[in-house]
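Below: the structure, in structure tokens.
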Amino acid sequence: MKYLLGLVVIVAVHGCATYGGATEEAVAAVRAEAYDQAETEFAKVLPAQGKNALLHFLELGMVKHLDGQYEASNDLLEQAYQLADYLYADGTWQNVAVALSNPTVSTYHGAEYERAAINIIKALNYLSLAETTSAGSERLQRLDDAAVEIRRLNILLRRLETELGDYQQARDESETPAARIAQVLRTLTGNWNDPASLRYRSDAWGYYLSGLAYEMAGQWDDARIAFDDALRTYQDGAVEQYDLDPAMIELSKQASASAESRAEHKTVSDQGDVVVVQLVDLMPRKGEMNLYVHLQEYGQLMEIQPVLLGSSENQRDQAAWFLMQYGDLGFTDILGRYLSGGIIQVVDDFAFAKKVPLFPVWDLVQQTELDKALAGGIRVAVPYYPSLEMTHNSSTRITLAGTPDLDKPMLLASSPARVALQQQLLDANRELRAAIGRELLKAILSYQVSNQFSEENDTLGFLAAAAGKVASTVSARADTRAWLTLPKEIRMQRLSLPPGHHELTLTTHWDDGGFEQTQSLSVDVEAGTTQVVSIATINPHPEQEIAY
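The sequence shown lines up with residues 7 to 554 when you count with the working numbering.
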């Protein structure tokens, strides 16, 4: 009966609003290019003060960018930058409230890649503003403003490389005896993820954008250095880690050589360069996966099982995430199962249960009455990413009107979605341990309270236990917050064109739905200059909606 109550409550609370669910109408408005409505919907669920204040400024700032309101976008993103900087230095995480409830009650601090994206989007805003002004002094001011964001970005990237090491340092470290031993131990325990290979340690696209900003300002030495940093980062690991276009290596190399030539010879080309930046789609939304945790007294172990809910696609993704991140795949996992109950425990529900042996500390479990507190089991919630939304599900080509020979692919220069996925993979086990710890604490406290009532009246004790079980189950939530209006991918192409007016066409083919999206760009090219033109391409009808 107790087990049944726990499972019924899990099913009942499934669908309570996660961040993706709470912002669903706002995101739908963005996809429909109804930006005023998107602002209204985001403002409803994300107040400018409180735990989600950073997300308020991030989401609204990006909506303004998509709407072409670059000044307003930068005003909001500057507030986001200042707040993120304060939260990074402050480091307060409301630990007591989180321990007694869930991580969604804490202040959202933002991920490192999101902090870098603030500077990147602001720089794009300023570069766009520089191209829309006819006054030379105002254009220079916009380029100076972009340079400020570039310097901020470079400070962040240098800090990451200092703290985590760049790609070359990570590769060198992976060859050390200690790293090889760690890899063997991870294999034995079934943890196939190498943390070093998942960390966001630099941003190649950020460096390339830095080079463009310096190039537009005529600061050729700084441009060359930035392009060299982009080349180093793409070449040493970013292309492989995030499945980016290898052509970005050659593009960075060419940009560096061109900047060096301009710095040395002061030559001016008889053509102008147009860099087209395409912000593709929106970030995938995290889902919430429910886990059922209970004790097996006869095996003296804790069993963790996924409760698969939602559509068949949702259930498939949840099952795959559970097996990949938490399943008993290692030798030590299998050995632990065997020691807890022989071959029966080894084969019992092998693919869809994780069993944690507790026989070495079973006396402590009974002394703390944890076995009684967990009677009936507990619900634990963890975030996960759906597989389909992480795939490269589109491709884009750019053409020039009147020039049939100019037909080039847009190159995948950055993948914020892959960065977010790898960060979630990196955090998955830590989040599971923290979630189980929270729910165990709540279960123990609930058991102690119900015991006190039982001493006076058995009925009151039963009702208190049932109420505590429901309250603990309902309050278990995964933190699925993230900056959702960021582009899923960033693509680019660099074109050398003769002076004059040109009409460019971007044709994007979406794999899901099999339809094409066509967009036009008008550019006026001057000899010897570089301009950056950005455009957003958002899928209005994504194929998969995740369970909330």
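All C-beta atoms in this analysis are idealised placements derived from N, C-alpha and C, irrespective of residue type, glycine included.
| Asked | Found |
| --- | --- |
| Distance between Q537 and D151 (C-alpha atoms, nearest Å) | 16 Å |
| R230 beta carbon less than 8 Å from that of A265 | yes |
| The beta strand (DSSP E) enclosing T29, as first and last residue numbers | T29 -> no beta strand (DSSP E), and no H or E assigned at all. |
| Cβ-based burial, T543 [other Cβ within 10 Å; buried from 16] | buried |
| Whole-angstrom C-beta distance between K378 and I310, which should lie under 8 Å | That pair is no contact at about 19 Å. |
| A387 - partner residues in DSSP beta bridges | N296 |
| Alpha carbon of A440 to alpha carbon of E246, nearest angstrom | 31 Å |
| Span separating the alpha-carbon of Q429 from that of L510 | 36 Å |
| DSSP bridge partner residues for R497 (one or two, in chain order) | Q284 and L418 |
| Backbone CA spacing between G534 and L215 [nearest angstrom] | 19 Å |
| Entirely enclosed beta strand (DSSP E) segments - the segment 198–256, minimum 3 residues | none |
| Collapsed DSSP secondary structure at Q523 in the structure displayed | strand |
| Rounded separation between L149 and A202 - CA only | 36 Å |
| Chain-order list of residues whose beta-carbon lies under 7 Å from that of D485 (same chain, five-residue window excluded) | P109, T110 and P389 |
| For T138 and Y119, the rounded distance between their alpha carbons | 29 Å |
| Identified DSSP bridge partners for L130 | For L130, which the question treats as bridged, DSSP gives no partner whatsoever. |
| Per DSSP, the bridge partner or partners of Q302 | L307 |
| N-terminal and C-terminal residue of the beta strand (DSSP E) that E509 is part of | G506 to W516 |
| 6 Å CB neighbourhood of A210 in its chain, flanking five on each side removed | A236, T239, Y240 and A244 |
| Cβ-based neighbour list, N399, same chain, cut-off 6 Å, excluding 5 preceding and 5 following | D517 and D518 |
| Endpoints, the beta strand (DSSP E) within which K361 is located | K360 to P363 |
| Residues of its chain near S262, where Cβ-Cβ distance is below 7 Å and the 5 sequence neighbours each way are ignored | R230, F233, D234 and L237 |
| First through last residue of the alpha helix (DSSP H) which encompasses V371 | W368 to Q373 |
| Best match in A117, L503 and S79 for proximity to T409 [C-alpha to C-alpha] | L503 |
| L52 beta carbon less than 8 Å from that of N58 | yes |
| DSSP three-state assignment for Q147, whether helix, strand or coil | helix |
| Coarse secondary structure for S528, derived from DSSP in three states | strand |
| Residues of its chain near L61, where Cβ-Cβ distance is below 6 Å and the 5 sequence neighbours each way are ignored | L52 and Y114 |
| Three-state secondary structure (DSSP) of A441 | helix |
| Sequence-distant residues of the same chain with beta carbon closer than 6 Å to L438, five excluded per side | V388 |
| Rounded straight-line distance, which links the Cα of D228 to that of P312 | 52 Å |
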